[in-house]
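Asks: Let me begin by handing over the structure; questions about it come next.
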(Lines of atoms letter the chains of each structure in order from A and count residues from 1; the text may use other names and numbers.)
(Lines give C-alpha, C1' and ligand atoms only; values in the text may rest on other atoms or scores of the structure.)
Protein backbone atom coordinates (compact mmCIF):
# COMPACT_ATOMS: atom_id res chain seq x y z
CA UNK A 1 0.00 0.00 0.00
CA UNK A 2 1.37 3.41 -0.97
CA UNK A 3 1.12 6.23 1.55
CA UNK A 4 0.55 8.81 -1.21
CA UNK A 5 -2.70 7.06 -2.23
CA UNK A 6 -3.99 7.15 1.33
CA UNK A 7 -3.02 10.79 1.75
CA UNK A 8 -4.77 11.69 -1.52
CA UNK A 9 -7.95 9.88 -0.40
CA UNK A 10 -7.91 11.74 2.91
CA UNK A 11 -7.64 15.09 1.07
CA UNK A 12 -10.44 14.13 -1.35
CA UNK A 13 -12.67 13.30 1.59
CA UNK A 14 -12.60 16.87 2.87
CA UNK A 15 -12.31 18.78 -0.40
CA UNK A 16 -16.02 19.57 -0.82
CA UNK A 17 -16.16 20.81 2.78
CA UNK A 18 -13.11 23.00 2.14
CA UNK A 19 -14.53 24.47 -1.07
CA UNK A 20 -17.77 25.37 0.67
CA UNK A 21 -15.77 26.88 3.54
CA UNK A 22 -13.74 29.03 1.13
CA UNK A 23 -17.02 30.46 -0.18
CA UNK A 24 -18.72 31.01 3.18
CA UNK A 25 -17.97 34.73 3.42
CA UNK A 26 -17.70 35.83 -0.19
CA UNK A 27 -18.05 34.69 -3.78
CA UNK A 28 -14.85 33.65 -5.56
CA UNK A 29 -13.71 32.51 -8.96
CA UNK A 30 -11.81 29.30 -9.59
CA UNK A 31 -8.31 30.79 -9.44
CA UNK A 32 -9.07 32.28 -6.02
CA UNK A 33 -10.53 29.01 -4.74
CA UNK A 34 -7.54 27.07 -6.05
CA UNK A 35 -5.11 29.57 -4.52
CA UNK A 36 -6.70 29.25 -1.10
CA UNK A 37 -6.67 25.45 -1.27
CA UNK A 38 -3.07 25.34 -2.51
CA UNK A 39 -1.97 27.76 0.22
CA UNK A 40 -3.43 25.25 2.69
CA UNK A 41 -1.38 22.47 1.03
CA UNK A 42 -4.43 20.64 -0.34
CA UNK A 43 -2.67 20.19 -3.71
CA UNK A 44 -5.69 20.64 -5.95
CA UNK A 45 -5.50 21.04 -9.73
CA UNK A 46 -8.04 22.63 -12.07
CA UNK A 47 -9.03 19.25 -13.47
CA UNK A 48 -10.15 18.23 -9.97
CA UNK A 49 -12.01 21.34 -8.96
CA UNK A 50 -14.29 21.86 -11.96
CA UNK A 51 -16.17 18.55 -11.57
CA UNK A 52 -16.54 19.23 -7.82
CA UNK A 53 -17.93 22.72 -8.44
CA UNK A 54 -20.36 21.32 -11.01
CA UNK A 55 -21.49 18.60 -8.60
CA UNK A 56 -21.98 21.13 -5.79
CA UNK A 57 -23.91 23.45 -8.14
CA UNK A 58 -26.10 20.59 -9.40
CA UNK A 59 -26.83 19.65 -5.78
CA UNK A 60 -28.13 23.18 -5.19
CA UNK A 61 -25.31 24.14 -2.82
CA UNK A 62 -23.63 26.67 -5.13
CA UNK A 63 -24.69 29.20 -7.69
CA UNK A 64 -22.57 31.29 -10.01
CA UNK A 65 -22.53 34.57 -11.86
CA UNK A 66 -20.40 35.94 -14.67
CA UNK A 67 -18.42 39.11 -14.05
CA UNK A 68 -16.37 41.10 -16.52
CA UNK A 69 -12.64 41.13 -15.88
CA UNK A 70 -10.27 44.00 -16.56
CA UNK A 71 -7.52 41.50 -17.38
CA UNK A 72 -9.09 39.02 -19.76
CA UNK A 73 -12.32 37.13 -20.37
CA UNK A 74 -15.29 37.23 -17.97
CA UNK A 75 -14.90 35.26 -14.76
CA UNK A 76 -17.37 32.84 -13.25
CA UNK A 77 -17.82 33.64 -9.56
CA UNK A 78 -19.19 30.90 -7.32
CA UNK A 79 -21.14 31.49 -4.14
CA UNK A 80 -23.14 29.55 -1.58
CA UNK A 81 -26.90 29.24 -1.91
CA UNK A 82 -29.05 29.32 1.22
CA UNK A 83 -29.12 25.52 1.02
CA UNK A 84 -25.33 25.54 0.71
CA UNK A 85 -25.00 27.69 3.84
CA UNK A 86 -27.16 25.27 5.83
CA UNK A 87 -25.25 22.30 4.40
CA UNK A 88 -21.93 23.91 5.38
CA UNK A 89 -23.21 24.53 8.90
CA UNK A 90 -24.00 20.80 9.21
CA UNK A 91 -20.58 19.90 7.81
CA UNK A 92 -18.92 22.24 10.32
CA UNK A 93 -20.61 20.36 13.14
CA UNK A 94 -19.73 16.98 11.64
CA UNK A 95 -16.12 18.03 11.07
CA UNK A 96 -15.80 19.19 14.66
CA UNK A 97 -17.19 15.90 15.96
CA UNK A 98 -14.96 13.88 13.61
CA UNK A 99 -11.87 15.91 14.49
CA UNK A 100 -12.53 15.42 18.20
CA UNK A 101 -13.10 11.67 17.76
CA UNK A 102 -9.93 11.21 15.70
CA UNK A 103 -7.93 13.24 18.21
CA UNK A 104 -9.17 11.04 21.05
CA UNK A 105 -8.37 7.82 19.21
CA UNK A 106 -4.97 8.89 17.89
CA UNK A 107 -3.78 10.35 21.19
CA UNK A 108 -4.76 7.39 23.37
CA UNK A 109 -2.12 5.08 24.68
CA UNK A 110 -2.61 1.57 23.51
CA UNK A 111 -3.70 -0.86 26.16
CA UNK A 112 -3.41 -4.58 25.87
CA UNK A 113 -6.26 -6.72 27.03
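Numbering (UniProt numbering), first residue to last: 1 to 113. Glycine included, C-beta positions come from ideal geometry on N, C-alpha and C. Please read these numbers as outputs of a predicted model, since none were measured by experiment.
1) Indicate the three-state DSSP secondary structure (helix, strand or coil) for residue 31 in the structure shown.
2) Taking residue 47 and residue 62 to be in contact with their CB atoms under 8 Å, please state how far apart those CB atoms are, rounded to whole angstroms.
3) At which residue ranges does the UniProt domain "Transcription regulator PadR N-terminal" (19 to 89) contain complete beta strand (DSSP E) runs of 3 or more residues, listed in the order of the chain?
4) Where does residue 10 fall in DSSP's three states?
5) When you compare only the Cα positions, how much space is there between residue 88 and residue 2?
Replies: So, from the listed chains and residues:
1) Looking at residue 31 - three-state DSSP - the assignment turns out to be helix.
2) The Cβ separation is near 18 Å, so there is no contact.
3) Taking only runs of at least 3 residues, the beta strand (DSSP E) segments lying wholly in the UniProt domain "Transcription regulator PadR N-terminal" (19 to 89) are 62 to 69 and 72 to 80.
4) Reduced to three states, the DSSP call for residue 10 is helix.
5) Residue 88 and residue 2 have their alpha carbons spaced roughly 32 Å apart.
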